[in-house]
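*Asks:* Numbering (the working numbering), first residue to last: -4 to 228.
Glycine is no exception: its CB is placed at the ideal position from the N, C-alpha and C atoms.
#1: Where do the N-terminal and C-terminal ends of the alpha helix (DSSP H) with residue 216 fall, by residue?
#2: Exposed or buried, residue 49, counting other C-beta atoms within 10 Å across all chains shown (16 or more means buried)?
#3: Looking only at its own chain, which residues have a Cβ that is under 6 angstroms from the Cβ of residue 132, when we skip the five neighbours before and after it?
#4: If you reduce the DSSP assignment to three classes, tell me which class residue 156 lands in.
#5: Tell me, please, which residues DSSP counts as bridged to residue 146.
#6: At the level of alpha carbons, what is the spacing between residue 183 and residue 228?
#7: So, helix, strand or coil for residue 33, using DSSP?
#8: Grouping DSSP H, G and I as helix and E and B as strand, with all else coil, what is residue 65?
#9: DSSP puts residue 79 in a beta bridge; with which residues?
#10: Mark residue 98 as exposed unless 16 or more other C-beta atoms lie within 10 angstroms of its C-beta, in which case mark it buried.
#11: With residue 0 as the anchor, note down where its beta strand (DSSP E) starts and where it stops.
#12: Please classify residue 84: does DSSP put it in a helix, a strand, or coil?
#13: Where residue 116 and residue 181 are concerned, what is the direct C-alpha to C-alpha distance, given to the nearest angstrom?
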C-alpha cells in the first residue's frame, strides 16, 4: 500500500504540474493499493483557476486532455483506492474523490464538498462526465450538479459524495483500504475494469464534439470572467 499526496498551491489546486505529478504517481504505483490524500489538511479545492483562466484554446485542449487522462488513470487503477478527504473537496477535487473506490471524510463542519462547475459556466469533458454520472446516486445527481452547491461533510454523505464521515478519518480510511486490499488481487482488478472501462470509453465522434463544443466554452470571456471573480474572493 502506498500514499499518494495531492500537493500544490491554492489548497492543492489542480494545475498542470499537480496533475502530471498525480498521473506519474499512479503509474509508479503499479498494482499496489493507494490511499489518496491532500497535503496540509485539505484534499483539493479544484482546478487551479489562475492557470486555467490564462489558457488559449490549444493550451486548454491539452490541459483538459491531461485532466481526463489523470482522472481516468485513477478511476481505472487496478488495485483498491481509498480517498482520505480532509478539508475541502471542491469541483475537480470532488471528482478526484469520486474516482476512488471508497471515500472517507473528516467530520469537519467547516469543510465544503461539492461540484460547482455549472455555477462557473463549465461543462465536464466527456470522460469526466461519464465518471460523475455513474458515481453519483441518481436520486442526488440533479441536486448536486444543477444546484452546484457546496456542502458540509454530513450533507455530502447524504448526497453520496462520500461514503463515510468520521472523527478519525485516517484510521478509518486505512482500515477500509486494508480490507479491500485483502481481496484476491486478480479478481478485484478484473471486476473493477469490467464495471468501469465502458464509462470512460470515448468514440471519435464524441472526441470531435468535445474539441468543437466544450473546449471553446472553457476559453470564453464569460467563463474566464467567472474564474477571475472567484480568485478575487
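*Replies:* Working from what's here:
#1: Within the chain shown, numbered from 1, the residue matching residue 216 stands at position 221. Start and end: 216 to 226.
#2: Counting from 1 along the chain shown, the entry for residue 49 is found at position 54. Exposed, by the Cβ-count rule.
#3: Your numbering for residue 132 matches position 137 in the chain shown. Around residue 132: 155.
#4: Within the chain shown, the letter at position 161 stands for residue 156. Residue 156: coil per DSSP, three-state reduction.
#5: Residue 146 sits at position 151 when you count from the first residue of the chain shown. Its beta-bridge partners are 108.
#6: The count along the chain shown starts at 1 and reaches residue 183 at position 188. The count along the chain shown starts at 1 and reaches residue 228 at position 233. So the alpha carbons of these two residues sit roughly 44 angstroms apart.
#7: As a working note, residue 33 is residue 38 in the chain shown. Three-state result, residue 33: strand.
#8: The residue given as residue 65 occupies position 70 in the chain shown. Helix, per DSSP.
#9: Numbered from its first residue, the chain shown carries residue 79 at position 84. Residue 79 is bridged to 32, 99.
#10: Mapped onto the chain shown, residue 98 falls at position 103. Residue 98 is buried by the Cβ-count criterion.
#11: By 1-based counting over the chain shown, the position of residue 0 is 5. Here the beta strand (DSSP E) through residue 0 covers -3 to 1.
#12: For this step, residue 84 is matched to residue 89 along the chain shown. In the structure shown, residue 84 sits in a strand (DSSP, three-state: E or B).
#13: Residue 116 sits at position 121 when you count from the first residue of the chain shown. Residue 181 sits at position 186 when you count from the first residue of the chain shown. Computed Cα separation, rounded: 42 angstroms.
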